[in-house]
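Colleague: Sharing a structure here in structure tokens format.
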Amino acid sequence: MRKDRSRLAVLPVAFAALALASCNAGSGLGASHVATLPPTGFAERGRPAVSCTVAPSSAIEDGVDSPQAILFDGDGDLYVPNFLGNNVTVYAAGSHKLLRTISEQVTHPTAIALDGLGELYVANSDSTISLFKKQGAQYVRSIDQGVHSPQVLAFDGQGNLYVAHFFPDGISVYAPGAGTPLRTIKKGIRQPFAMAFDAFDRLYVANHDANTVTVYGFGTTTPDRTISNSITRPTAIAIDGFNDLYVANSTDDSVTVYGLHDTEPRRELFRGVFRPTSLAIDSFDNLYVGNSKPGEGSVSVYKPKSGRPIQTLCPGITLPNALSFDPHGSLYVSNSNAKKISIFAPL
């Protein structure tokens, strides 16, 4: 049965300086991909099967400087954390006019998130989380207890804040309004590059250095399940409307797909995938894979359960570290080592 997707938001990977440097050095960090198993039972591998088929309809450049994520609020306004700009820029829905630049208490931001009240949380490279009210217009306070080199932010269905961090590896969990951790998840965590929640509030964590995805029940700190089969250096994860898990494997140029209780992949995607850095799933369960092939960045688009891309979105894509959709279904691509957000019309 298909579950409500209102809480299945894809959480973008926030790479910051460490991951960006590693990607540019060719280590394979920051990749996402997908390939289906043909009737023979073997996954097909191959270079991108199609050349550019769709160009961007527009782009946002004003104020953008090494964007790390893309986030829309309830009004459709766009938020972009700029790592090199030391700020978060906010753009009006539709017109993309720059509304404001948030720089107070923002230091090389790596991730952002909005809670149920519309309050903005910003993860900073100085190991703090800055909280803003009124859509980022008013700084309120900072969280530093339990924060260590934060990389990813997420909220569960109860409004608890999850902060994934390196050095030491772990995930700190904060109750609504709290400044000290409610609990810390350490078991099974090793360089957490991405987090996501399914419809049952289970937490999924992509552990880059452990070659695993660990799954945690609500309120627990020990994994219920550890997925390692066919996972290599995972950098992005996504969950579709049926609670299937998609894992981007950066050194294998593949995306592996797992059912709700699976530990082995149901299928793998290779065609059209090269050093993928991001994943997203639209409201029709179409899969989007951001590829960071040097000099030829792209986004490959797949129909549900398909292993061949139906479209390749480019040119103008450079290390796409985050993908997101506006309320009208347009795709926004964050080009992390460039100074623009690329926008593509809905399929």
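Residue numbers for the sequence shown follow the numbering used here, so the first one is 885 and each next one is one higher.
Yeah, the Cβ is synthetic: ideal placement off N, Cα and C, and Gly gets one too.
Everything numeric in this text was worked out from a predicted model, so none of it was measured.
Just to confirm my understanding: we take L998, look at its own chain, exclude 5 residues before and 5 after, and list those with CB closer than 7 Å. What are they?
Modeller: Hits under 7 Å: L955, D957 and L1004.
Colleague: Straight-line CA distance for F899 to T994?
Modeller: Note that F899 scores 42 on pLDDT, short of 50, meaning its location in the model is unreliable; the coordinates nonetheless yield the value given after this. The straight-line gap from Cα to Cα measures roughly 7 Å.
Colleague: So the candidates are G1179, I1165 and G1030; which of them puts its Cα closest to the Cα of S1214?
Modeller: The residue with the shortest Cα to Cα distance from S1214 is I1165.
Colleague: Identify the continuous beta strand (DSSP E) that holds F1081 and give its terminal residues.
Modeller: Taken as a continuous stretch (DSSP letters only), the beta strand (DSSP E) holding F1081 covers P1076 to F1081.
Colleague: Closest by CA to S1083, which one among D1124, S1226 and G1061?
Modeller: Just to set this straight, residue 1083 is Ala in the shown sequence, not Ser. Of the candidates D1124, S1226 and G1061, the one whose C-alpha sits nearest the C-alpha of A1083 is D1124.
Colleague: Can you tell me whether D1000 is buried or exposed, with buried defined as 16 or more other CB within 10 angstroms of its CB?
Modeller: It is worth fixing the name first, because residue 1000 is Gly in this sequence and not Asp. Exposed is the call here.
Colleague: Answer with buried or exposed for A1222, where buried requires no fewer than 16 other C-beta atoms within 10 angstroms of its C-beta.
Modeller: When all chains shown are included, A1222 counts as buried.
Colleague: So G960 is in the beta strand (DSSP E); what residue range does that whole segment cover?
Modeller: Taken as a continuous stretch (DSSP letters only), G960 belongs to no beta strand (DSSP E), as it is neither H nor E.
Colleague: By DSSP, does H917 sit in helix, in strand, or in coil?
Modeller: With a pLDDT of 29 at H917, under the threshold of 50, the predicted position of this residue should be treated as unreliable, and no value is reported.
Colleague: Going by DSSP in three states, G1125 sits in which element: helix, strand or coil?
Modeller: The answer is coil: DSSP assigns G1125 none of H, G, I, E or B.
Colleague: For L983 and Y975, what's the separation of their Cα atoms in angstroms?
Modeller: The alpha-carbon atoms of L983 and Y975 are separated by roughly 5 Å.
Colleague: Please report the distance separating the alpha-carbon of L1171 from that of P1034.
Modeller: Rounded to whole angstroms, L1171 to P1034 spans 27 Å at the Cα level.
Colleague: Determine the DSSP secondary structure at F1228, reduced to helix, strand or coil.
Modeller: Looking at F1228 - three-state DSSP - the assignment turns out to be strand.
Colleague: If you drop the 5 nearest sequence neighbours on each side, which residues of the same chain put their C-beta closer than 7 Å to that of T1140?
Modeller: These residues qualify, in order along the chain: S1114, I1115, V1131, N1133, P1149 and E1152.
Colleague: Which stretch, first to last residue, makes up the beta strand (DSSP E) that contains F1016?
Modeller: Per DSSP, F1016 belongs to the beta strand (DSSP E) from T1012 to K1017.
Colleague: In terms of alpha-carbon separation, which member of V1173, S1167 and F1168 lies closest to P1160?
Modeller: Taking only the C-alpha atoms, the option nearest P1160 is V1173.
Colleague: Would you be able to state if there are at least three C-beta pairs under 8 Å between the stretch 1034-1050 and the stretch 1015-1022?
Modeller: No contact exists between the stretch 1015-1022 and the stretch 1034-1050.
Colleague: For P965 and S1226, I'd like the C-alpha separation in whole angstroms.
Modeller: Approximately 15 Å, taken between the alpha carbons.
Colleague: Do R1074 and N1091 come within 8 Å of each other at the CB atom, strictly closer than that value?
Modeller: Yes, the pair counts as a contact, with Cβ atoms nearer than the cut-off.
Colleague: Let me know if F1102 comes out buried or exposed under the rule of 16 or more other beta-carbons within 10 Å of its beta-carbon.
Modeller: With fewer than 16 other Cβ atoms within 10 Å, it is exposed.
Colleague: Residue range of the beta strand (DSSP E) that L1066 falls in?
Modeller: Here L1066 belongs to no beta strand (DSSP E), and DSSP marks it neither H nor E.
Colleague: Using a Cβ-Cβ cutoff of less than 8 Å, which residues in the same chain neighbour P1065 once the five nearest sequence positions on both sides are dropped?
Modeller: The residues are Q1029, G1030, S1056, V1057 and Y1058.
Colleague: How would you label H1145, buried or exposed, when you count the other beta carbons within 10 angstroms and need 16 or more for buried?
Modeller: Looking at its Cβ environment, which holds fewer than 16 other Cβ atoms inside 10 Å, H1145 is exposed.
Colleague: Sort Q1195, T1119, S1190 and N1008 by Cα distance to V1183 and report the nearest one.
Modeller: Here the closest residue by C-alpha is Q1195.
Colleague: Work out the CA separation of Y1023 and T1119 for me, nearest whole Å.
Modeller: Their Cα atoms are separated by approximately 31 Å.
Colleague: At what residues does the beta strand (DSSP E) containing I1027 begin and finish?
Modeller: Its beta strand (DSSP E) spans residues Q1022 to I1027.
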